[in-house]
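Contents: one structure, followed by commentary.
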């Protein structure tokens, strides 16, 4: 498919701000509480996904310290409050970074 300059302008005008979250191992990863806290972290993420607040959530399954990424449909400060309330973050199982990003509403993984 060929994308014209006009197509690009229309698509870019429709983009909006989201927050990208990068989740990494924290200092307490591997503690005895880790499995239960990861389970509750996952439950919370699925609730946020169901509510539309975290439309994209991806676990990372490699040998790095990267645990996951997510796109949050909220401003940076609200995302910080949400992540600070995560049980895995509170317990030091995870740390996170937040980045303001732009994307296209309705984007989806297939």
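Residue numbers (the numbering used here): 13 to 122.
Glycine included, every Cβ here is placed at the ideal spot set by N, Cα and C.
None of these values were measured; they are calculated from a predicted model.
The beta carbon of residue 60 lies closer than 6 Å to those of 66 in the same chain, with the five residues before and after it left out. With a contact defined as Cβ atoms closer than 8 Å, residue 36 and residue 78 qualify at about 6 Å.
Collapsing the DSSP output to three states places residue 32 in a strand. Cβ atoms of residue 26 and residue 117 come within 8 Å of each other, at about 7 Å. In this structure, residue 34 lies away from residue 105, with their beta-carbon atoms at least 8 Å apart. Assigned with DSSP and collapsed to three states, residue 121 falls in coil, not helix or strand.
Under the DSSP definition of a beta bridge, residue 82 partners with 33, 69. When the beta-carbon positions are compared, residue 29 and residue 114 come within less than 8 Å of each other.
Close CB contacts of residue 41 within its chain, under the 7 Å cut and outside five residues either way in sequence, are with 105 (chain order).
Straight through space, the alpha carbons of residue 64 and residue 109 are spaced by roughly 20 Å. DSSP, read as helix, strand or coil, puts residue 113 in strand.
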